[in-house]
Amino acid sequence: MACLFLALLPALAAAEEKIKGVDLKLISEVTTVKAGQRFAVGLKIHHHDHYHTYWQKPGIVGVPTDLQWQLPPGFTAGPIQWPYPEKVDMAGHPAHGYHRDVLLIVEIRPPEVIEAEEVTLTARAGWMACAKQCHPGFATFSLQLPVAERVKVNAKTRPLFRKSRGEIPAPVRHWDVTLESAPDAAEIRLRITPRPPHARDPGGFYFYSSDGQVSSDQPQDAERLDDGSYRLTMTRGEFGPKGAGRLPGVLSAARPFDGPHFAHALIDPPYPEKPAGQSP
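Set out below in structure tokens:
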């Protein structure tokens, strides 16, 4: 990874000059802001043909999109609310990111008192867009929003924010997810069990690790067991945290499995005190 970063340094210096592979725009869900009332903005990313950018934890290659904020006094910005990721490929190395267009939503929290009549929100964005080659990029975006007695919704952007919120995974509801492996095991086994009557055929599972515990460049094996549950077997990543007590990430399926509309769910199962098959 260090060698890859050093190789990209010349490109980083020129990244401001021309954006390649993507179109980006900072948009707001509102046209006015009110003191003390939260609202959302988002970085809209359109990918050119064959290009992708990266999720919060890309895997063994890639750099996640990042936003650094300059805000008026008293304003704060929350973290990026990441849509569910996809499998992407960078020069033969599997990774996690986005081919589709996405909106990276961030919640802005104003102070209880705003003295100005208008506020400016500035975000310094950094990203990497890859196809056959990778193009790191940086750009600065700003929004000017008037301060008012009430918040007015932006009718033009609201549908996109609604759609994007539907792509943000929620905690799993109708399936029990447990780990069968020790925290230091080279092979990670995840047991996924439906709670009747919510047993939907997922058409296969894939897990996106949000902290790098699972290797992105090794295949994952999903098998259906006789009791109707599934076992997902994965390879521990070389660069993940050591001694982790839980396995956070996004569990994705080929078809909706956690309710009629949800094919992607957040999971965070703890490692067992006594892994399956271990002698007392």
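In terms of this note's numbering, the numbers along the sequence shown are unbroken and rise by one, the last being 281. Glycine is no exception: its CB is placed at the ideal position from the N, C-alpha and C atoms.
#1: Quick one: give me the first and last residue of the alpha helix (DSSP H) that leucine 161 is part of.
#2: Taking C-alpha atoms, which residue in Val62, Phe208, Pro276 and Ala36 lies nearest to proline 112?
#3: Based on Cα-Cα distance, which residue from Ile20, Pro195 and Gln57 lies nearest to valine 173?
#4: Can you tell me which residues form a DSSP beta bridge with proline 284?
#5: Considering only the beta carbon of each residue, do leucine 180 and proline 242 sit closer than 9 angstroms?
#6: Count the other CB atoms, across all protein chains shown, that sit within 10 Å of the CB of valine 114; report buried if there are 16 or more and exposed otherwise.
#7: What runs of the beta strand (DSSP E), each 3 residues or longer, lie entirely inside the stretch 180–264?
#8: Please give me, in chain order, every unbroken run of the beta strand (DSSP E) with length at least 3 that falls completely inside the stretch 46–80.
#9: Could you compute how far the alpha carbon of arginine 201 sits from the alpha carbon of tryptophan 56?
#10: Just checking my contact of valine 42 with valine 107 at CB under 8 angstroms: how many whole Å lie between their CB atoms?
#11: Grouping DSSP H, G and I as helix and E and B as strand, with all else coil, what is alanine 36?
#12: Quick one: give me the first and last residue of the beta strand (DSSP E) that aspartate 269 is part of.
#13: Quick check: the Cα distance between lysine 45 and alanine 126, rounded to an integer number of angstroms?
#14: With a threshold of 8 angstroms (Cβ to nearest heavy atom), would glutamate 224 be considered close to the ligand COA?
#15: Just tell me which of Ser143, Pro271, Asp222 and Pro197 has its CA closest to the CA of alanine 124.
#16: For glycine 93, which of Lys133, Ala171 and Thr54 has the nearest alpha-carbon?
#17: Rounded to whole angstroms, what is the Cα-Cα separation between glycine 98 and phenylalanine 258?
#18: State the Cα-Cα distance for the pair aspartate 222 and methionine 235, rounded to the nearest angstrom.
#19: Using a Cβ-Cβ cut-off of 7 angstroms (strictly less than) and excluding sequence neighbours within five positions of phenylalanine 208, which residues of its own chain qualify?
Judging by the given coordinates:
#1: From DSSP, the alpha helix (DSSP H) with leucine 161 extends over 159–166.
#2: With distances taken between CA atoms, proline 112 lies nearest to Ala36 out of Val62, Phe208, Pro276 and Ala36.
#3: When each option's Cα is compared against that of valine 173, the closest is Pro195.
#4: For residue 284 there is no data in the structure shown, the boundaries of the chain being 2 and 281.
#5: Cβ distance not < 9 angstroms, so leucine 180 and proline 242 don't count as in contact.
#6: That one is exposed.
#7: Within the stretch 180–264, the complete beta strand (DSSP E) segments at least 3 residues long are 188–195, 206–210, 222–225, 231–236 and 250–254, listed from N- to C-terminus.
#8: The stretch 46–80 contains these whole beta strand (DSSP E) runs: 67–71.
#9: Spanning the alpha carbons of arginine 201 and tryptophan 56 requires a straight line of approximately 27 angstroms.
#10: Yes, they are in contact, since the Cβ atoms of valine 42 and valine 107 sit about 6 angstroms apart, within 8 angstroms.
#11: Secondary structure of alanine 36 (DSSP, three-state): coil.
#12: Here aspartate 269 belongs to no beta strand (DSSP E), and DSSP marks it neither H nor E.
#13: About 11 angstroms.
#14: Looking for the ligand COA in the displayed structure turns up nothing, as the structure carries no ligands at all.
#15: Of the listed residues, the one whose Cα sits closest to alanine 124 is Ser143.
#16: Closest option to glycine 93, Cα to Cα, is Lys133.
#17: Those two C-alpha atoms are separated by around 22 angstroms.
#18: Cα-Cα distance, rounded: 7 angstroms.
#19: These residues qualify, in order along the chain: Leu191, Val215, Gln221, Leu233, Met235, Gly250 and Leu252.
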